[in-house]
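All remarks here apply to the structure that follows.
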Amino acid sequence: MTSVRTLLEKPWIWSFVGALVVWLATVAFTGGYGGGGMVTAALSLAVFTVIVGVGQMFVITLGPGNVDLSLPANIGLASAVAMKVMGGSDAMIVVGLLAALACGAAIGTINYLLIWALRIPPIIATLSASFVIQSVDISYGRGLQIKPPPGFADFTNWQILGIPVLAMLTVVFTIGAALALQRMIYGRSVLAIGQNIRAAWLAGVNVGRIRFLTYTLCGALGGIDGALLAGYFRGANVDIGNEYLLASIAVVVIGGTSVAGGKANVPGVWGAGLFLVLLLTMLNTFGVSAGVRLVLTGLIIVGVITAAGGEKAVR
Amino acid sequence: MLQAIADIVRLNGAEKHFGAVRALNGVDFHVGAGECVGLVGHNGAGKSTLMHMVAGTLRPDGGQIAVRGNQEASYSVARALELGIRCVFQELSLCPNLSVAENTRINHPSLAGFGWRRRAADLIRAKLDEIFPDHGIAADDIAGDLSIGRRQMVEVARAFTLTSEPLHLVILDEPTSSLDAHTAGQLLSFVRRFIENGGSCILISHVLGEVLQNADRIVVMRDGKVVVADAADVFDRDRLVAAMGGAEGHQRAAAETPKTEPGALRVRARPARQQDGKELVARAGEIIGLAGLAGHGQTDLLLAIFSAASRARPGIEVTAPVALVAGDRQSDGIFAQWSIAQNIGIRSLARLRNGLLISPQREAELAEFWKKKIGIRTPDMNNNIYSLSGGNQQKALFARALGSDAKIVLMDDPMRGVDIGTKLEVYDLVREEAAKGRTFLWYTTETEELDNCDRVYVFKNGRIVANLRRDELTEEKIIQSSFGDAA
Amino acid sequence: MTAIAPGTVPKASPRGSAARARMLRGLLPALSLALVLIAIAWLNPRAISYFGFNLMLNLAIPIALATIAQMFVIAGNELDLSIGTFVGFVGCVTATWLRDTPLIGIFVLLGSIGVYALLGALIHLRNLPSIVVTLGMSFVWQGLAILVLPKPGGKAPAWLLSIMSFKPPYIPFPILAALLIAVVVHFGLMRTSYGVILRGSGGNAAALRRAGWSLLRTKVALFALTGLFGVLSGMALIGITTSADANIGNGYTLLSIAGVILGGGEFVGGRVSPIGAVLGALTLALAASPLLTFMHIPPDWQVAANGAILIIVLAARVLISRRER
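Take a look at the structure:
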């Protein structure tokens, strides 16, 4: 009994409850048909949201105003870089992945340099950076029609017993991220900065280095996400990352991370990622029009956050 | 005699609890017309809660409030203001983005309509002139640009401004905590004039002298109850301290600490604005005081030393790890989301690791050790830091610094608004740690605390103007240096 | 509640220099606008004319109105990520219902302002992060816009077209309109006694509550004002483009935030400036396309140039603050 209560007190539980409810509703609608396939598909797609969601979570946890708006542009450019470096050859897969990772990390570094050197609010810094990156991508990726190497495309779609391998790897990665957040100096420092940046500095936290690491990490995750997306959808394009701006922020918040900073959790990102994907699947299954789908998606996000409620002001 | 005075406000059996904590446990309290009531007690004794109730910002869970003899069933801030009861809260309540005049408008609904800006400016300017004749504040100054002392002056003056609302009682919660001795004196003499003209005041202060000299009647609180209430002239310092509980038996710091030989050089620092060759030098095992009027560069120098420990800065030499104990807990010290244990552990994370990961067990051990050592009053160190009273929060910040590997501890007026019991406990601890070889740089606005120091540097306008040894240290000397034109 | 947000105010800085830095920063929006104008005049002197301004600042009015809308929520320490799609929704309603069945159109537009007010109440009462709520609402407005106008089209009401094509003597209409917007909002927010309360709610909400003010009311007022100016922005936009499209306003979310920041506003602490916001919007409108066209920058790089201008202006602002500290 007490374990149920402690479970219910976890901020991330609601995102899983939401995902389950949506799944049940869809299965009820289809009369039980395709329930398993839906989970597989949801896991495959949620992976991409979860990877950038974790990066965004660390950034948002740094405190008010911290958010990475350059993720869509970052994903777009990294997907093009990965495809170009791989050049359709299986031998170059690892090099291509590393190139995408480096590209994303470089973008993250530039983001932080703008924030640090110009003391620009992160929203504006990453926004301005994303304008520039977008142009680079348009210019660089123009007419780029390279398919991913067959081995890479197969890998991103590989399943064992109906469970996508990519999802398993992502679970391992998120466990690592959760440990880093709660049990490593890095994560503690992020949480401290998010609560009170001045107090964190005075308590000996190396504020500059931690913020730098966080933006670079988020950029790198965006980069790797771009490469994986290009593999999964069999090709790169400029718009491939567009939906991940809103999605990355939405999963962080629906997952129970505080937008005010200083309070975060990793499991919620998974729950919220599954919830969003299943929600879209459900609305598609119901056969609603694009307009209605958008309205319902929006209302559900507002509804979820209203039901979950904000944190009580501590002070 | 006292009973003959008509009550402004009277509380009977007031009760308040926050969760399991009983902040007020059946308190009877009243203030008469033309009376200044001093309210003293340790942090967490319930003074602030009681005052929030009188001001209408908190509702009692039990008991009644009567204003001028009438029972108030639905008492609120708006009602309190209507009845002429105002409060200057301990935490500053100015909007930093607004001008002084605009901040005045916020407290006066009637300052509206055509020409309100001019009226608000005239109102606050006149009141500032009356209370703090040499204040140097303009009505269109933005509050956030003012020093903390000036902000407090504006806040106090604002509470005494008069428009269409009546003004009978002003609650002053630690009104002098950010003021230097000169302005604090101006304020207290204004309060006496206000009382002579028939107004009433509640004065809360940790500076017991202020209360003894200015209050007509003193109410002592402990553990959510009123323990003594009597005319001010039957109290003296010792009796007050005894009534507050805890601190008896402690002698003043004085010279009993053994004189140790100065050790290795720890800090050598010259303030940025120093023009002559004076510099601050601190050695292992020394307690160095930083004195002078508030805001004359002491904090700046501490922060410069703090930064110099991680990145070299010209004019400052630091030879050992540094930790800082913040005085402004809210903005410089506390992590609001975290438990007490996490708040203590943050400075020592590297030592708490087991491999790559932080060990929860070691973190708990560190917290428990300091809970006992420094006497943090809580049932569980895993409770949120805000479950502690102000003084105990400050102890946690001390534990954070003293529990770390720092050989140099910087203290930025950490005893601001802390009760005397906590203070005496911490003084002992500081001397004990210094005897073990730690170096303390201690900025304080309370002259008595300098008795704990081996040497004292007096600051004026961002510069060191005097360097006094313990045996030549007197209050007059410090005041002389602070006000003199030696610089 | 801390009286001062950490980091926003130098703790012990002498007040004179702080005030001077603030004044210089206040001048920066005007300076950056002047710089962009000088660049345009240098590249293409003919653009600096009655006709040229009319053309170049064509879209400045809706951008300025959207920026003002964003400024109101920012004054209360919130952010509206839905203003762009809201402007699009208003545009679609304006080009259809407001023209065909004016009563329904007016009712829907007033209702949408009401929705904004309700959002303000919801955000306050449930203590919700506005970023997420408005993020969700951006989907809602977009969906509604598609439902109202599935395909690009519709037509602006005749009266709106004639207002927006008004040609006053000597001063181009966009400049006149921008001036009017700036003065009206400046008076309302910076000079009236309730404007002080609205800004104070962003500066120190706890202090306001202790003085007996309702924070629910201030939040509702700020959001309703955002809705009102969002509606005006959408209508002005359709008055210029004459027809609508569900995606017509999507860029306005980021433009409006950038405009407020360019105009000297800060994300927290209730520090905003209506005049600055309008100037920021004008700068963005000019920098967005006319300047780039005159500089013969290929369209691929136009977006990049936009980002670069934003960075340069903010860098200048930082240089001023740093020197003054």
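Residue numbers (the UniProt record's numbering), protein chains in the order written: chain A, 1 to 315; chain B, 1 to 487; chain C, 1 to 325. Don't be surprised by glycine CBs; every beta carbon is placed ideally from N, CA and C. All values derive from a computational prediction rather than experimental measurement.
DSSP three-state assignment for residue i, whether helix, strand or coil
{"i": "C/His186", "result": "helix"}
{"i": "C/Pro45", "result": "helix"}
{"i": "C/Cys92", "result": "helix"}
{"i": "B/Asp238", "result": "helix"}
{"i": "A/Cys103", "result": "helix"}
{"i": "B/Pro321", "result": "coil"}
{"i": "B/Ser339", "result": "strand"}
{"i": "B/Leu146", "result": "coil"}
{"i": "B/Asn384", "result": "strand"}
{"i": "C/Asp300", "result": "helix"}
{"i": "C/Val272", "result": "coil"}
{"i": "B/Ala33", "result": "coil"}
{"i": "B/Gly246", "result": "Because the pLDDT of B/Gly246 is 48, which lies under 50, any placement of that residue in the model is unreliable, and the number read from its coordinates should be weighed accordingly. Coil at B/Gly246, not helix or strand."}
{"i": "A/Val21", "result": "helix"}
{"i": "C/Gly52", "result": "helix"}
{"i": "B/Ala23", "result": "strand"}
{"i": "A/Cys218", "result": "helix"}
{"i": "A/Asp225", "result": "helix"}
{"i": "A/Pro72", "result": "helix"}
{"i": "B/His108", "result": "coil"}
{"i": "B/Glu102", "result": "helix"}
Cβ neighbours of residue i in the same chain (closer than 7 angstroms, five flanking residues each side left out)
{"i": "C/Val260", "result": "Thr67, Gln70, Met71, Ile74, Val272, Ala277 and Gly280"}
{"i": "B/Ala446", "result": "What sits at residue 446 of chain B in the sequence shown is Glu, not Ala. Correct list, in chain order: Met415."}
{"i": "A/Leu179", "result": "none"}
{"i": "C/Gly188", "result": "Gly195"}
{"i": "C/Ile238", "result": "Gly91, Thr94, Ala95, Ala156, Leu160 and Ala244"}
Closest Cα partner of residue i within the set the options
{"i": "B/Asn214", "options": "B/Arg268, B/Val40 and B/Ala291", "result": "B/Val40"}
{"i": "C/Leu27", "options": "C/Val268, C/Ala287, C/Ala308 and C/Gly264", "result": "C/Gly264"}
{"i": "B/Gly32", "options": "B/Lys460, B/Ile85, B/Phe132 and B/Ser48", "result": "B/Ile85"}
{"i": "A/Ser139", "options": "A/Gly187, A/Leu77, A/Val253 and A/Leu202", "result": "A/Leu77"}
{"i": "B/Gly13", "options": "B/Ser76, B/Ser110, B/Ser48 and B/Pro60", "result": "B/Pro60"}
{"i": "B/Gly26", "options": "B/Met53, B/Gly38, B/Val37 and B/Asp7", "result": "B/Met53"}
{"i": "C/Val268", "options": "C/Phe166, C/Phe139 and C/Ser130", "result": "C/Ser130"}
{"i": "B/Val88", "options": "B/Lys395, B/Gly263, B/Ala159 and B/Arg469", "result": "B/Ala159"}
{"i": "B/Asp173", "options": "B/Phe440, B/Val227, B/Ala101 and B/Ala55", "result": "B/Ala55"}
{"i": "A/Val266", "options": "A/Thr6, A/Gly241 and A/Phe16", "result": "A/Phe16"}
{"i": "residue 492 of chain B", "options": "B/Gln393, B/Ala308, B/Ser389 and B/Ser387", "result": "Because chain B in this structure spans residues 1 to 487, residue 492 of chain B falls outside the shown range and cannot be described."}
{"i": "B/Arg68", "options": "B/Pro109, B/Asn97, B/Val9 and B/Met244", "result": "B/Val9"}
Neighbourhood of residue i by C-beta distance below 6 angstroms, restricted to the same chain and skipping five residues each side
{"i": "B/Arg252", "result": "Only weak support exists for where B/Arg252 lies, its pLDDT of 45 falling under 50; the value from the coordinates is given anyway. Counting only Cβ-Cβ distances below 6 angstroms, and skipping sequence neighbours, we find nothing."}
{"i": "B/Gly289", "result": "Trp442, Leu450, Cys453 and Val456"}
{"i": "C/Gly64", "result": "A small fix is needed here, since residue 64 of chain C is Ala in this sequence, not Gly. Ala178, Ile181, Val278 and Ala281."}
{"i": "B/Glu248", "result": "At B/Glu248 the pLDDT is 39, less than 50, meaning the model places this residue with poor confidence and gives no usable figure here."}
{"i": "C/Gln142", "result": "Thr85"}
One or two residues paired with residue i in a DSSP bridge
{"i": "B/Leu290", "result": "B/Tyr443 and B/Tyr457"}
{"i": "B/Asp230", "result": "B/Ile218"}
{"i": "B/Cys95", "result": "Answer is none; B/Cys95 lacks a bridge partner."}
Whether residue i touches residue j by CB criterion (8 angstroms)
{"i": "C/Ala244", "j": "C/Thr94", "result": "yes"}
{"i": "A/Gly235", "j": "A/Gly104", "result": "no"}
{"i": "A/Val50", "j": "A/Gly273", "result": "yes"}
{"i": "C/Ile311", "j": "A/Leu246", "result": "no"}
{"i": "B/Ala6", "j": "B/Lys16", "result": "no"}
{"i": "B/Ile406", "j": "B/Val458", "result": "What sits at residue 406 of chain B in the sequence shown is Ala, not Ile. No, the pair does not count as a contact, with Cβ atoms beyond the cut-off."}
{"i": "B/Gly38", "j": "B/Val211", "result": "yes"}
{"i": "A/Phe212", "j": "A/Ala19", "result": "no"}
{"i": "A/Gly63", "j": "A/Ile146", "result": "no"}
Neighbourhood of residue i by C-beta, 8 angstroms cutoff - its chain only, sequence neighbours within 5 removed
{"i": "B/Leu208", "result": "Val40, Arg237, Leu240, Val241 and Ile420"}
{"i": "C/Val231", "result": "Val90, Leu109, Ser112 and Ile113"}
{"i": "B/Pro133", "result": "Gln186"}
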